[in-house]
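Report on one structure; see the data block that follows.
Okay, structure coming up:
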C-alpha cells in the first residue's frame, strides 16, 4: 500500500492482483459487503489465475477480528494485501441548502446510512463504486513497520497494516474527486506509533505519551468531504458584500498547480482581515488545487466554530507556548509529519492582521518547524508560496481606526461573529483579489540538509530571515493597486478640504501613468479611474463615511475625508505606499540636497540611504545595491539630473516641479511625524522609559499637537505607528543610558524636524502644480462651454 495512484477495480481492463492476495474490505453495512463480494466475484471470473481471499473489516474492528487478521498476515510474507471499500459518489448539482443539510447525522452523501445505501443502489447504482488502494506485500509492510514504528507485538503490526490500508484508500478516492479533497488521516496514531516521536519524547522531562496524545487531539484537523463542499457556502457568509467572483491571475494559478505537483508547500498569505483564512481554502478549491490546512489562534475555537473550522482544515494552536517544551515538540512533529506526507500548510506570514494596511515584518515561529522538517531530511524541499489577498474595501477599518486611537481589541466570540457577519452585508465592499507570486525554495536558502544551517543556529536563523523577507517582498510586488488606495491617498493630501469629480479625476492620472510606467499590478477598479465614470463609481463606493464623505446641494458634488475618518482612510493609503516608496524617498533626498552645502550629489545619496534606514521597520526594501540602482533609474527620467542636483537651489526645485506624481508628503509624512512625536517625548523622558509608557505619553502629546495644528493630521497620532517608532528609537540606541543620551535624543528630533521641513517644501511645490493644472483645466472647460 504505497503512495502511487490507486487503480479502480471496477475497470477490468487490467489486473490489480497477482498470485495470493488478501483483500481487506472496509465495510460499514451489509449493503457494502454485498457490493464488494459482487465486485470480487466478477474480478475472479475475469482473472481466474488470481487467488483472492476476502477479509471484511468492520468500522469498530473488534479484538476478535484483529486477532484473525494477525493470523492472515503470518501465513505468507510474499502475500499481497489489497485494500478496498465502497465509494459513494454525491449527486451532481447539489444546492447550498443540501450542502448545509449534509452536516446533519445520516445525511452525509459520502457516508450514507444503510437505508440510504439501499435506496441509492436501487435508484442509481452508478453512485456506488468499489475502489482499491495500491497493493503491497506483507514483507514490504513489515519492513516499513520495523523502520518507522515502535513495538514488536503482532497485533500492533495488524493495526499498522489497517492504517496503511486506509491511507491508500484515501489516496484512491481523492484522485477520483480531485486534489481539493486530499486530507491527512490517522495523524495521531501514526505519530504516536513512530520510533522518532517516542525517542524525542524521552528527552523531555515529565513528558507522557498520554499528554502528547491530548495535544495531538487539540491540533487535529481534516477535510471532511462534506466540509469541502460546504466551505464555499460558509465563506460566502463571511464575505457577504463582496463580489462573489474572486479575482485571480490564471497564469499564476497554472504555475502554482505545476509547482505543487512536485513538492509540499507552505502558503503564506498577507493578512488584512478575518476573511483571509476563509479565502485561502476557497481559492484552492475553486482552482482545483490541493487543500491547505490553515493555522489559526485557538482564540477562534469558540462555540460551534471550533468543530466546524476543524472539519474545514483549520489547525488551532495556542498563542503562548514558550514555557511548554512538550507542546513545542508535539507541534514540531505534527508539522514534520504533514510535510513528510506532502500535505500543504498555510498561515499568515505576518503572524497577525495588519491594522495599518501595509505588510508587517514576517514571523519565523511556525516556519522554524517547517525548516526543521526539511533539515531532518523528511522532504527534499519545501516551497514557500506567498499569497497576496487584498480587498477593494473592508468594514474592519473602523475597528483598526479605533485601535490606532488607543482602543482595545474586541475579543472573539459568538456575539462578535454575529456582528461581523451582519456588518459584512451592510454595503458593497467590491472585489477580493488573490495573487500567487513565484514560490521561494527552502533548499535554495537553507542549503543541503547536512549543510551549515543544520548545525549552526545563527546561520539557520539568518537564512530563514532572508527567506521570509523574500516571500514578503514577492507578495508585495504582486498585490494589485486598488482604486480605494489611490483615492484615499489623494484626498488625504487636502487635510479635510473637498475636491470636485474633475479635480479628483485629473489628479489621479499622474499616479496611474507612473504605475503603468513601473509596470505595477493594478486592479480593475484602479484601471477604471482613467475615466470620469470610473472615478465617480469609486468615490461613491467610498462615500457615506467609508471613509469618504460626499457633500451635495451646491453647484456640483464634492468629496472629502473628514478628520475623524483619516485613520480609516490611511489604512487604504498605506496599502499602496510600497508602489510609491522609492519615488517618495527620491523627493525627500532631493529636498535635502537642495538646501545642503558642499557636495550636494553626495548629500542626495547619503540622505536616500539614511531615509531607507529610518523606514526599514515600516517597509520592505530591496537590498542596498538594488535600492541604489532603483533610485538611479528613477532619476534617469530627468535630463542631466546629476549636474542639476549638484547645482542645488532652483535647479532641484525644477526637478521637483517636473516630477509627476509628487507623493512623499502624502505617503511618508505621517510616519516621520509619528517618529518626531516619540522623539519629542524622549527629550523630556527619563533614560529608562518603557515602550508602553513612551507610547501612552506620545498619544497624549500627539493629541495636543493635533489640537494646536502642530501636526498635519490626527492619523500621525496612532498606537500602530508609535509601535514602529519605538523600534526606530531603539535601533538608534536612544533607549540606552549613556552620558550623551540627552544630546543624541535632541539631535535625532532635530533630524526628523528637518525631514518634515523638506516635506513641507515638497508639499508647497505640489500645491502650486495642482493649482496651475486646476486653473488650466477650468479655463479649458470654460472654453469648451463657450464654443
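Numbering (my numbering), first residue to last: 1 to 787. Where is the CB? At the ideal position from N, CA and C, for every residue including glycine.
Using three-state DSSP, classify residue i as helix, strand or coil.
| i | result |
| --- | --- |
| residue 295 | strand |
| residue 132 | strand |
| residue 676 | helix |
| residue 578 | helix |
| residue 247 | strand |
| residue 558 | strand |
| residue 379 | coil |
| residue 548 | coil |
| residue 484 | helix |
| residue 429 | coil |
| residue 119 | helix |
| residue 191 | helix |
| residue 393 | coil |
| residue 321 | coil |
| residue 272 | coil |
| residue 344 | strand |
| residue 125 | helix |
| residue 57 | strand |
| residue 796 | Lying before the first or after the last residue shown, residue 796 is absent from the chain, which here runs from 1 to 787. |
| residue 512 | helix |
| residue 157 | helix |
| residue 166 | helix |
| residue 146 | helix |
| residue 500 | strand |
| residue 507 | helix |
| residue 662 | coil |
| residue 435 | strand |
Give the C-beta separation of residue i and residue j to the nearest angstrom, bearing in mind that I take them to be a contact with Cβ-Cβ under 8 Å.
| i | j | result |
| --- | --- | --- |
| residue 343 | residue 387 | Incorrect: roughly 17 Å between the Cβ atoms, too far for contact. |
| residue 200 | residue 329 | 6 Å |
| residue 601 | residue 642 | 6 Å |
| residue 657 | residue 765 | 6 Å |
| residue 576 | residue 481 | 5 Å |
| residue 266 | residue 444 | 14 Å between Cβ atoms; not a contact. |
| residue 346 | residue 280 | 5 Å |
| residue 464 | residue 368 | 7 Å |
| residue 350 | residue 271 | 5 Å |
Please return the same chain residues whose Cβ sits closer than 6 Å to the Cβ of residue i, not counting the five positions on each side in sequence.
| i | result |
| --- | --- |
| residue 21 | 52, 80, 82 |
| residue 319 | 297 |
| residue 758 | 588, 591, 592 |
| residue 69 | 158 |
| residue 724 | 617, 618 |
| residue 430 | 392, 393 |
| residue 207 | 201, 326 |
| residue 696 | none |
| residue 168 | 1, 83, 133, 134 |
| residue 147 | none |
Just grab the DSSP bridge partners of residue i for me.
| i | result |
| --- | --- |
| residue 85 | 26, 131 |
| residue 52 | 21 |
| residue 522 | 481 |
| residue 78 | According to DSSP, residue 78 bridges with nothing at all. |
| residue 385 | 267 |
| residue 315 | 295 |
| residue 137 | 80 |
| residue 571 | According to DSSP, residue 571 bridges with nothing at all. |
| residue 441 | 383 |
| residue 671 | DSSP lists no partner for residue 671. |
Go through its chain and collect everything with a Cβ distance to residue i's Cβ below 7 Å, but skip five positions before and after it.
| i | result |
| --- | --- |
| residue 680 | 701, 749 |
| residue 339 | 264, 370, 373, 378, 379, 382 |
| residue 441 | 381, 383 |
| residue 532 | 501, 505 |
| residue 149 | 160, 193, 194, 195 |
Quick check on residue i - is its C-beta less than 7 Å from some C-beta in chain B?
| i | result |
| --- | --- |
| residue 327 | Any reference to chain B falls outside this structure, which holds one protein chain only. |
Apart from the five residues on each side of it in sequence, which residues of its chain come closer than 8 Å, Cβ to Cβ, to residue i?
| i | result |
| --- | --- |
| residue 423 | 395 |
| residue 252 | 435, 436, 437, 478 |
| residue 189 | 159, 163 |
| residue 560 | 491, 494, 496, 497, 498, 499, 548, 549, 551 |
| residue 733 | 744 |
(message) Report the start-end ranges of each alpha helix (DSSP H) in the segment 580-653 that is 4 residues or longer and not cut off at the edges.
(response) Counting only runs of 4 or more, we get 600-614, 624-635, 641-647.
(message) Runs of 4 residues minimum, wholly inside the segment 691-759: which ones carry the alpha helix (DSSP H) assignment?
(response) The segment 691-759 contains these whole alpha helix (DSSP H) runs: 691-708, 719-731.
(request) Quick one: which unbroken alpha helix (DSSP H) runs of 4-plus residues sit fully inside the segment 355-379? Chain order, please. (result) Segments of the alpha helix (DSSP H) lying fully in the segment 355-379: 365-375.
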